[in-house]
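Undergrad:
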Amino acid sequence: MGHLDHATFGWLTPVLSYLMACVGAALGLRCTVRALNTTGRTRRNWLITAASAIGTGIWTMHFVAMLGFGVTGTEIRYNVPLTILSLVVAMAVVGAGVFAVGYSRERTRALALGGLTTGLGVASMHYLGMAALRLHGSISYDPLLVALSVVVAVIAATVALWAGLNIKSPAAVVVASLVMGGAVSSMHYTGMFAVSVRVAPATTSLTGASAMQFVFPLAVGLGSYLFLTSAFVALSPTAHERRASASAQQALEGSTAR
0 MGHLDHATFG
10 WLTPVLSYLM
20 ACVGAALGLR
30 CTVRALNTTG
40 RTRRNWLITA
50 ASAIGTGIWT
60 MHFVAMLGFG
70 VTGTEIRYNV
80 PLTILSLVVA
90 MAVVGAGVFA
100 VGYSRERTRA
110 LALGGLTTGL
120 GVASMHYLGM
130 AALRLHGSIS
140 YDPLLVALSV
150 VVAVIAATVA
160 LWAGLNIKSP
170 AAVVVASLVM
180 GGAVSSMHYT
190 GMFAVSVRVA
200 PATTSLTGAS
210 AMQFVFPLAV
220 GLGSYLFLTS
230 AFVALSPTAH
240 ERRASASAQQ
250 ALEGSTAR
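Using numbering that gives the first Met the number 0, the first residue of the sequence shown is number 0, and each one after it goes up by one.
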């Protein structure tokens, strides 16, 4: 059995990955709140942004954490197409859950369905990402811990969607995103503790890209996307601010006409 180290860089990767999950959750929740206060194309665009933010945050959290994953006796590589597919799955399935909540009239049923769909999507992203792992040896999983990680993912997704429906103030969104980030991180490490590796002698070179060659640049790029989108959302006027601006403009035009 190979010795697994989940934090080869100490606390750096767990803390940084947690922060990325929190940023993605906070941005997604703010975009969902904005979407529920609008209609038509504007609502659709905010929901797309919310799905991309949450999906990107979860994916970035996973692979930043994986930068600290090491196995004694073997190097680690990643299958590039599978790694990209895990990102697409994360964004698509989270999008399905967010849109279910954003457009459904029956909120309770939509919340249950959206939470289940999004949670299974998060778990699928995680295990697709793990399927992209290449090393000298074989990987096995503890079924009970795998099942627990899926349950944690569903609960985390349901709580996040509930927060999007019920939490309006920025301070409450921050608290909810911290909780969501912790839940996503817990799901990740529960899934990682389910992993066992049996190292085999190296007979051929590993295919795929190393973490620093592929995962790290992509994670940095997606992290930059999250922060830039956060700035855009922060600077965009809310529905209340737009109504106040319109009222002020009408008052100004009325006084000018007199």
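Each residue gets a CB set at the ideal place from its N, CA and C atoms; glycine is no exception.
Tell me, please, which residues DSSP counts as bridged to LEU227.
TA: In the sequence shown, counting from the first residue as 1, residue 227 sits at position 228. Looking at the DSSP assignment, LEU227 forms no beta bridge with any residue, so it has no partner.
Undergrad: So the candidates are PHE213, THR12, ALA20 and THR55; which of them puts its Cα closest to the Cα of MET179?
TA: For the purposes of this step, residue 179 is taken as the residue at position 180 of the sequence shown. Of PHE213, THR12, ALA20 and THR55, the smallest CA-CA separation from MET179 is found for ALA20.
Undergrad: Using only CA atoms, which one of ILE83, LEU164 and PRO200 lies nearest to ALA34?
TA: In the sequence shown, residue 34 corresponds to position 35, counting from 1. Nearest option by C-alpha distance: LEU164.
Undergrad: Just to confirm my understanding: we take ALA247, look at its own chain, exclude 5 residues before and 5 after, and list those with CB closer than 8 Å. What are they?
TA: Position 248 of the sequence shown, counted from the first residue, corresponds to residue 247. Note that ALA247 has pLDDT 47, beneath the 50 cutoff, so the model's placement of it is unreliable and the number below is only indicative. None.
Undergrad: Looking at the structure shown, is ILE166 part of a helix, part of a strand, or coil, going by DSSP?
TA: Position 167 of the sequence shown, counted from the start, is the residue given in the question as residue 166. Residue state, collapsed to three classes: coil.
Undergrad: Could you tell me which residues DSSP puts in a beta bridge with TYR140?
TA: The sequence position of residue 140 within the sequence shown is 141, counting from 1. In DSSP, TYR140 forms a bridge with VAL194.
Undergrad: Given a threshold of 16 other Cβ atoms within 10 Å of its Cβ, counted over all protein chains shown, does VAL219 qualify as buried or as exposed?
TA: Here residue 219 is taken as the residue at index 220 of the sequence shown, counted from 1. VAL219 should be labelled exposed.
Undergrad: Can you tell me the Cα-Cα spacing of ALA91 and MET124, whole angstroms?
TA: Looking up residue 91 in the sequence shown gives position 92. Looking up residue 124 in the sequence shown gives position 125. Cα to Cα, ALA91 sits roughly 10 Å from MET124.
Undergrad: Report the residue from SER139, SER16, VAL172 and THR203 whose alpha carbon sits nearest the alpha carbon of GLU74.
TA: Stepping through the sequence shown from its first residue, residue 74 is reached at position 75. Selected option, being the one with the closest Cα: THR203.
Undergrad: Just to check my reading of the structure: LEU225 and VAL22 have Cβ atoms closer than 8 Å, yes? What is that Cβ distance to the nearest angstrom?
TA: Here residue 225 is taken as the residue at index 226 of the sequence shown, counted from 1. Here residue 22 is taken as the residue at index 23 of the sequence shown, counted from 1. Yes, LEU225 and VAL22 are in contact; Cβ-Cβ is about 5 Å, under 8 Å.
Undergrad: With which residues is ILE47 paired in a DSSP beta bridge?
TA: Mapped onto the sequence shown, residue 47 falls at position 48. None, per the DSSP bridge assignment.
Undergrad: Comparing alpha-carbon positions, which option in LEU66, THR59 and VAL97 lies nearest PHE223?
TA: Start at 1 with the first residue of the sequence shown, and residue 223 comes out as number 224. The question names Phe, yet the displayed sequence has Ser at residue 223. The shortest Cα separation from SER223 among LEU66, THR59 and VAL97 belongs to THR59.
Undergrad: Quick check on this structure: which residue in VAL145, ALA95, THR117 and LEU81 has the alpha carbon closest to the alpha carbon of ALA208?
TA: As a first step, residue 208 must be located in the sequence shown, where it is residue number 209. Closest by alpha carbon: LEU81.
Undergrad: Mind checking which residues open and close the alpha helix (DSSP H) that includes ARG33?
TA: For the purposes of this step, residue 33 is taken as the residue at position 34 of the sequence shown. Segment 11-35, the alpha helix (DSSP H) holding ARG33.
Undergrad: Helix or strand or just coil, what does DSSP make of GLY69?
TA: By one-based count along the sequence shown, residue 69 stands at place 70. Correct three-state label for GLY69: strand.
Undergrad: Classify ALA243 as buried or exposed, calling it buried when 16 or more other Cβ atoms lie within 10 Å of its own Cβ.
TA: Here the question's residue 243 lines up with position 244 in the sequence shown. Bear in mind that a pLDDT of 49 at ALA243, under 50, signals an unreliable position, so the number given afterwards is only what the model happens to contain. Counting Cβ neighbours within 10 Å, ALA243 comes out exposed, since fewer than 16 surround it.
Undergrad: Consult DSSP for LEU205 and reduce its assignment to one of helix, strand or coil.
TA: The sequence position of residue 205 within the sequence shown is 206, counting from 1. It is coil, neither helix nor strand.
Undergrad: Here's the rule: buried if 16 or more other CB atoms are within 10 angstroms of the residue's CB, otherwise exposed. What is SER176?
TA: Translated into positions along the sequence shown, residue 176 becomes position 177. So SER176 counts as buried.
Undergrad: Between which two residues does the alpha helix (DSSP H) harbouring ARG104 extend?
TA: Within the sequence shown, numbered from 1, the residue matching residue 104 stands at position 105. Note, ARG104: premise wrong, no alpha helix (DSSP H); not H, not E.
Undergrad: Indicate whether ALA258 and TYR77 have their beta-carbon atoms separated by less than 8 Å.
TA: Since the first residue shown for the chain is 0 and the last is 257, residue 258 is missing from the structure and cannot be characterised.
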